[in-house]
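Chains as they are written, first to last, in this note's numbering: chain A, 50 to 259; chain B, 50 to 259.
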């Protein structure tokens, strides 16, 4: 598929960015509908109206395509970036904005729904998401326990996703997006920065204000 | 099964407390092995070496038996009770002690594992657990948002249970019980009391110190 002058092709691919976006949109739909294990690159390519080869050229594997399609990984670095004080609020707003716009058809929801039934895929995907997340958070947080804190943020978001979008029952499911952002900010602050006071000396990781 | 003089029987039931404990232990095992939907009172009775009728007499329904057997509901009021400042630590210690002693064979783990596949049971059980929890927390916390906070605590513990005991992968799974208690205390503080400082006015619910 690649010509002898790669990188200089101009007319052959009309709008690579639009095709990439179409692949990602198709991937979101197929992962959300089928779950990770049953989704195939072939079906995603068909939905996006591109060839199988083009999907592989852009994303190489199903796992990489999932990680690019799932919210919270690709743009995570952007929402994390900034001062420590506002970190929890930025992460909360970014999570809520993405999940609410996805209208319950989101690959992360599919992952949480099928994780217990397909532990092998879930472990691999969550490991990859964890790694990307830790790298992003390290730009803002210091301390040897950043991986632990990031994993707790992940567990919290898995639990909230489960309550609000999978079971869709109870107070978390009934909250407005604004309320959810408010309460998530509060809980993520506790996890990421620790709370001053009490018997905890867990605030040292929050001291890396830039 | 009940004689004409209920409450005064002495010799017929040798040790009612031991039988009740045997039923609960059997229930924990069967719920953990089969999940809620597939577990039957009949099998639980057989494991406990008591009659089906005795289980019904003690617990009336499978749902009530589950709620009695699952850690964190029956004794929740005890661990919640006390001053607001130490609340998060007490809840964290109680959760960790129960989950670690259960050796991954716990009905709550089974519930989290099977919740996505059996949403109907999961909703009913989590609703009942939520109700009991809210009642317990109201003894220590004030504010109209106590149900929201309690639901967030539940979501957090679902996410942590999922990472540590269902997928059993990553930093949360690798932590020692002491580390887990430390970090859970920190995140539960954020959820239950909010963190002072920042742009949140979420600390008013923490002002009900007795």
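No residue lacks a Cβ here, since even glycine has one placed at the ideal position from N, Cα and C.
{"Item": "Does the Cβ-Cβ distance between residue 203(A) and residue 182(A) come in under 8 Å?", "Value": "yes"}
{"Item": "Can you give me the Cβ contacts of residue 114(A) inside the same chain, cut-off strictly under 6 Å, excluding the 5 residues immediately before and after it?", "Value": "76 and 108"}
{"Item": "If you check the beta carbons only, do residue 146(B) and residue 160(B) fall under 8 Å apart?", "Value": "no"}
{"Item": "For residue 108(B) and chain A, any beta-carbon pair shorter than 8 Å?", "Value": "no"}
{"Item": "Listing by chain order, which chain A residues have their CB less than 9 Å from the CB of residue 211(B)?", "Value": "161, 164, 165, 204, 207, 208 and 211"}
{"Item": "Between 86(A), 139(A) and 105(A), which has its C-alpha nearest residue 189(A)'s C-alpha?", "Value": "139(A)"}
{"Item": "Check this for me: beta carbons of residue 1(B) and residue 144(B), under 8 Å apart or not?", "Value": "Residue 1(B) lies beyond the residue range present for chain B, which begins at 50 and ends at 259; the question has no answer from this structure."}
{"Item": "In chain B, which residues lie less than 7 Å from residue 243(A) when you measure between Cβ atoms?", "Value": "235"}
{"Item": "So is residue 65(A) buried or exposed if we call it buried at 16+ other beta carbons inside 10 Å?", "Value": "exposed"}
{"Item": "CB-CB under 8 Å to residue 54(B), same chain, minus the five flanking residues each way: which ones, in chain order?", "Value": "Note that residue 54(B) has pLDDT 46, beneath the 50 cutoff, so the model's placement of it is unreliable and no number is given."}
{"Item": "What are the start and end residues of each continuous alpha helix (DSSP H) run of 4 or more residues lying completely inside the segment 70-120 of chain A, in chain order?", "Value": "90-97, 101-108 and 111-118"}
{"Item": "Mind checking if residue 131(A) is an interface residue toward chain B, Cβ cutoff 8 Å exclusive?", "Value": "no"}
{"Item": "Could you tell me if residue 102(A) is buried or exposed, where buried requires 16 or more neighbouring beta carbons within 10 angstroms of its beta carbon?", "Value": "exposed"}
{"Item": "Please check if any C-beta of chain B sits within less than 8 Å of the C-beta of residue 220(A).", "Value": "yes"}
{"Item": "Of all the CB atoms in chain B, is at least one closer than 8 Å to the CB of residue 255(A)?", "Value": "The pLDDT assigned to residue 255(A) is 37, lower than 50, so where the model puts this residue is not dependable; a value taken from the coordinates is nonetheless given after this. No, its Cβ sits nowhere closer than 8 Å to a Cβ of chain B."}
{"Item": "Between the C-alpha atoms of residue 67(A) and residue 233(B), what's the straight-line distance to the nearest angstrom?", "Value": "44 Å"}
{"Item": "Which word fits residue 88(A), buried or exposed, when buried means at least 16 other C-beta atoms lie within 10 angstroms of its C-beta?", "Value": "buried"}
{"Item": "Just checking: is the beta-carbon of residue 224(B) within a distance shorter than 8 Å of some beta-carbon in chain A?", "Value": "yes"}
{"Item": "Against residue 47(B), what residues of chain A qualify as contacts under a CB-to-CB distance less than 8 Å, listed in chain order?", "Value": "In the structure as shown, chain B starts at 50 and stops at 259, and residue 47(B) therefore has no counterpart that could be examined."}
{"Item": "Can you tell me whether residue 150(A) is buried or exposed, with buried defined as 16 or more other CB within 10 angstroms of its CB?", "Value": "exposed"}
{"Item": "Below 8 Å between beta carbons: does that hold for residue 235(B) and residue 84(A)?", "Value": "no"}
{"Item": "Under 8 Å, Cβ to Cβ, is there at least one residue of chain B near residue 85(A)?", "Value": "no"}
{"Item": "Could you list which residues in chain A have their beta carbon closer than 7 Å to that of residue 232(B), in chain order?", "Value": "197 and 201"}
{"Item": "What does the alpha-carbon distance come out to for the pair residue 111(B) and residue 156(B)?", "Value": "12 Å"}
{"Item": "Where do the N-terminal and C-terminal ends of the alpha helix (DSSP H) with residue 235(B) fall, by residue?", "Value": "226-242"}
{"Item": "Given that residue 91(A) touches chain B, what residues does it touch there, using C-beta distances under 9 Å?", "Value": "Under the 9 Å cutoff, chain B gives no residues; its nearest Cβ is about 26 Å from residue 91(A)."}
{"Item": "Quick check on this structure: which residue in 227(B), 241(B), 217(B) and 162(B) has the alpha carbon closest to the alpha carbon of residue 142(B)?", "Value": "227(B)"}
{"Item": "Helix, strand or coil: which one does DSSP assign to residue 134(B)?", "Value": "coil"}
{"Item": "Just to make sure I have the definition right: I need the residues of chain A whose C-beta is within less than 7 Å of the C-beta of residue 179(B). Which are they?", "Value": "219"}
{"Item": "Residues of chain A with a CB under 9 Å from the CB of residue 192(B): which are they?", "Value": "Those within 9 Å of residue 192(B) in chain A number zero; the least Cβ separation is about 12 Å."}
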